[in-house]
Structure formats: C-alpha cells, structure tokens
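Student: This is the structure, below, for whatever I ask next.
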DNA sequence: GCGCCGCTTAAGCGTTTCATAAGGCGCCTG
DNA sequence: CAGGCGCCTTATGAAACGCTTAAGCGGCGC
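Chains as they are written, first to last, in the working numbering: chain F, 3 to 231; chain C, 3 to 231.
Written as structure tokens, this is what we have:
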C-alpha cells in the first residue's frame, strides 16, 4: 500500500448504510487496500475476533448503539486491532464514548477520503511501531511531522495541496499512481473537481522541484521513480 | 517506547469510570507502560505517597471533586511525581484548579490516545532532563513550575490559554505544530467548526511578545524557530 | 450588583492558494 | 499526414486562510 510495507493491508469496514458502504469500499480498494465490508455488529464482532484484519473502520451510527458495544466487546476479548471510528456530527456523546471505549482514532462524518486515507496511514504506521514520519526518495525528503520538504539539500515551500500530492507520490515511490487515485485522495468522493486540476497541481509542484522527478505515464497517472534514472 | 529510556515506566492511573479505565489501561499497556489502575481517591493518595510511580494520570471527573483534593494532599505531602490531569470539557474551572493545585499538564476529554501518549512522553522527558520544568528557546524562557514566562529578560504576564499555547509551541521549537494539534491540545477534540479562536489567541500572544517569534505556515500551523536567524 | 478580565465569536480586509478555462504541443492512430 | 487525445502551460476570478478589531458572555473580586 505504500508506507514502506510490501504486504497487503486488510481493512474491516463496518457500515450499515449501503451507499456509504459501497463508496468507502470502492475508495479504499482504489487505495490498494483489501476491504471486507460487514453490515452489522454481530458479524463484525466475529470478524474482529478472528484477528485477520489489520485495521477496523467502524461506523458508530449503527442502529441501537450497536457500534460501541462491538468495540467494547472486542476490546474486552483482547482484540488489539486498531479501530478508527466514524461518527455523525450530532452524536457528540457517542463520539466521546467511542474514544473511551477503546477507539484509536475517530472521524466526524462527513469527511474527505483524503482525511480518511491520512488517518489510516497514520494508524498503520503507529501499529507497525516505527515513528516513521519521514519518507526519503532519491534527492527528496518529506517530513510529515514538520510538513517540511527538502529537495537537493534545499528546503522547498509547498502549499497544502502540493504537499499532499507529493506525499501521495512518495509513499508509492517507484510505483505508478493512477490519476484517479490521486484525485480521490486529494479531493473527496465528491469528485466535483474539473479534470485538469491535477495537471495544474503537478505543474506547480514541478516548478518548485524540477521537471524530471515527477514522471507522467500517459493515460494512467504519475510516479516518482525510486532509483532516479 | 521511544523517548530514549530503557527501563520500565510505571504509570498510576486514577479513574473511577470502569469503561474508560479499562480502555486507558489497555491503551497504555499497549504502549509498553506498566499501569496500576486505581478507582478512588483514597487508594490513589496512598499509592502516590509510596512514590513508586513515575507518572500519575489523574481524572478530575471523580465524584465529589475528589481528584483535586488528592492532588493537593499529595503535593502537600511532598510528592513530586509528575501529574497529568484529565478533565471533562465543561469543567473549565476544575481544569484551572487542577493546574493551580500542582498538575504538570492537563488534557481535555475526549482526547486521542495518540495525544495522551505524546503528553506522557513529554512529561517523562521533562522529568528525566534535570532541567526539570523549564524550556529555553532563543530569547524566550518558560517555567512550568512557576508558570512564568520571560522574554528578552522581561517578565511577561500570560493568561492560561496563552501560556498553554506558548508551551505547546516551545515544546516543539524548531518544528511546525499543526493547527489541528494545537486546537486539540487547547480545546480538546470537540472544537466547533468555523471558529478562529486559535488565531485570536496567537494574536494576543504576539502582542505580548513580538510579531516575529511566532511564525505562521499557511495551511499547516505555527512554529517557533529554534535558531532565530 | 458592578466592573474587570479572560475567552469566544463575529465581521472586515488583504493576501495566498486553488480550480477553471483556454491555447499549445507532442504522440499515437487511422 | 491529418485528426484526436492527453498533457503542459499560462492567466484569471473565486475561495480559502490568516490577521485584526470589536462586541458579547460568564466568572470573579471588589
């Protein structure tokens, strides 16, 4: 998936709403995750007990406050899989309870896929133990802690979007990142952006770096080669 | 664990709520801390007097304002163990009281486990570095014991919020601190959308210092440079 | 109770950043 | 070789972001 790991990351998606569930599943699969979508608390709990998942994406909006019970139950059973909780904005108390009950992070609906992806990467990194919030590729060095980018020993000032784009590319250094995938992780599921926004962004990023490191693969997307030339 | 220590760190968790207590204990154990979970003020006070703990995690939401009394009592008895206080969002006064009573740091509920871990590491580092509770950065000096701030040799009167903000920035001097991170540590996770409280706070702090030392990084957050030019 | 103080919210303003549109260039295909 | 398609580049208006000032609110001391 991209944060230094080579193996597949398996995500358990617990969401009762069909439309949202479908959308999330698609978005996550596009980000190269393996997704198991479960629609109710009972099967979710069973799946968590199996400990086959690397991360659980749990919707607390399940009917009957089912979600929290699942979480509490699983924790009590000794399941230590990182859990990212999704809550509606109005459900303030449930959000609080969620964190209390043992969630590792939470996300308020509605949210951007960009945000979700960032949280998932963060949780995965933390789980893996390495505080690796730095990526080095060739002459490029990107620090997500300080949001600083150094290129050929020179600090480069990037805007938020540029930073996000570069991060997405560097996390997948050496691999092609599909245009669609980039657009999704930069903008949202909404996807209301025009079709050349990405190109313009790439262009402005290239001007701040150089015009070689970000390569285009015609018809597919972009990539940063791991071994320059 | 990551903050340079090799020995075990023993944390005293004082929390009456069963679910939250369980969750915290598990989370801390997962971070390789040794946790003793106590459910009431009396036993907590006794345990603090033993001085076997390296750090105390104290919930001020205990019934009957028990928590504050425990803290005051322990300090009066000469216990110098670092205390991290957890307060509910509404309990603003109790938070203030907590700091007055001798807490070393506070956390507004609800919070991310990640945030808690960061505070604990910070407290541990501070405790171990014999310079105990003072941070010096450039012309700035901040003393958490006396809550005094000296800037260019001149004592500056700060409010509690301003102090907390400056502390968060100075603890990460030279690194950018994300806006979201600042908001979380100042207000807890429940910040309402569309508020610019942080900017106003930064402004008032700048007026008491100067308009250069606190730098803004557009789209990301704020920072205080370690080596001011 | 009155006024002060600290905090939050709101609104105005300048600056930066971004999405869009539109023209140009190169590559591939027919 | 002509045309289409995908990408690059530039310009421009709109939105986002941050700074500042002012007003409202509650707590606390007088």
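Where is the CB? At the ideal position from N, CA and C, for every residue including glycine.
1) Cutting at 6 Å between CB atoms, please list the residues of its own chain near residue 161(F), excluding the five before and the five after it.
2) Alpha carbon to alpha carbon, how far is residue 137(F) from residue 150(F)? Give it in angstroms, no decimals.
3) Candidates 154(F), 179(F), 25(F) and 46(F): which alpha carbon is nearest residue 211(F)'s?
4) Going by the CB atoms, is the gap between residue 46(F) and residue 14(F) shorter than 8 Å?
5) Determine the DSSP secondary structure at residue 174(F), reduced to helix, strand or coil.
6) Can you check whether the C-beta of residue 116(F) is within less than 8 Å of a C-beta belonging to chain C?
7) How long is the line joining the alpha carbons of residue 61(C) and residue 33(C), rounded to whole angstroms?
8) When DSSP labels each residue in this structure, what does residue 56(F) get in the three-state scheme?
9) Using the Cα positions of residue 94(C) and residue 37(F), report the straight-line distance between them to the nearest angstrom.
10) Comparing the C-beta of residue 139(C) with each C-beta of chain F, is any distance below 8 Å?
11) List, in order along the chain, the chain F residues whose C-beta lies closer than 7 Å to that of residue 41(C)?
12) According to the neighbour-count rule (16 or more other Cβ atoms, all chains shown, within 10 Å of its Cβ), is residue 197(F) buried or exposed?
13) Strictly under 8 Å for the Cβ-Cβ distance: is residue 107(F) near chain C by that measure?
14) Is DSSP giving residue 111(C) helix, strand or coil here?
15) Output, in sequence order along the chain, the residues in the stretch 144 to 155 of chain F whose CB is closer than 8 Å to any CB in chain C.
16) Looking only at its own chain, which residues have a Cβ that is under 6 Å from the Cβ of residue 44(F), when we skip the five neighbours before and after it?
17) So that I know if they touch, is there some Cβ in chain C lying closer than 8 Å to that of residue 74(F)?
18) Could you check which residue in 175(F), 12(F) and 41(F) has the C-alpha nearest to that of residue 21(F)?
19) Would you be able to state if there are at least three C-beta pairs under 8 Å between the stretch 117 to 131 of chain C and the stretch 107 to 114 of chain F?
20) Under 9 Å Cβ-Cβ, which residues of chain C neighbour residue 77(F)?
21) What first and last residue would you give for the beta strand (DSSP E) that runs through residue 218(C)?
22) Taking the beta strand (DSSP E) that residue 223(C) belongs to, which residues open and close that run?
23) Across which residues does DSSP place residue 205(C) in a beta bridge pair?
24) Does the beta carbon of residue 185(F) come closer than 8 Å to any beta carbon on chain C?
25) Please name the residue, chosen from 144(F), 126(F), 168(F) and 183(F), that lies closest to residue 206(F) on a Cα-to-Cα basis.
26) Is residue 80(C) close to chain F? Criterion is C-beta to C-beta, closer than 8 Å.
27) When you compare the CB of residue 136(F) with every CB in chain C, is at least one pair closer than 8 Å?
28) Could you tell me the alpha carbon to alpha carbon distance between residue 16(F) and residue 26(F), rounded to whole angstroms?
29) Helix, strand or coil: how does DSSP classify residue 121(F) here?
30) Let me know the secondary structure DSSP gives residue 71(C) once reduced to three states.
31) Looking only at its own chain, which residues have a Cβ that is under 6 Å from the Cβ of residue 158(C), when we skip the five neighbours before and after it?
32) Using a Cβ-Cβ cut-off of 8 Å, state whether residue 157(F) counts as contacting chain C.
33) Take residue 84(C) and list the residues in its own chain whose beta-carbon comes closer than 6 Å to its own, dropping the five residues that flank it on each side.
34) For residue 96(F), name the three-state secondary structure that DSSP assigns.
35) Using 10 angstroms around the beta-carbon of residue 222(C), count the other beta-carbons present and answer buried if the total reaches 16, otherwise exposed.
Tutor: This is what the structure gives:
1) none
2) 11 Å
3) 154(F)
4) yes
5) coil
6) no
7) 20 Å
8) coil
9) Because residue 94(C) carries a pLDDT of 47, less than 50, the predicted location of this residue cannot be relied on, and no value is offered for it.
10) no
11) Per Cβ cutoff of 7 Å: no residues; residue 41(C) is ~15 Å from chain F at best.
12) exposed
13) yes
14) coil
15) 147, 148, 149 and 150
16) none
17) yes
18) 41(F)
19) no
20) 24, 25 and 28
21) 217 to 219
22) 223 to 225
23) According to DSSP, residue 205(C) bridges with nothing at all.
24) no
25) 168(F)
26) no
27) no
28) 10 Å
29) helix
30) helix
31) 151 and 210
32) no
33) 57, 106, 125 and 129
34) Unreliable placement is indicated for residue 96(F), whose pLDDT of 48 sits below 50; the coordinate value is still reported in the next sentence. Looking at residue 96(F) - three-state DSSP - the assignment turns out to be helix.
35) buried
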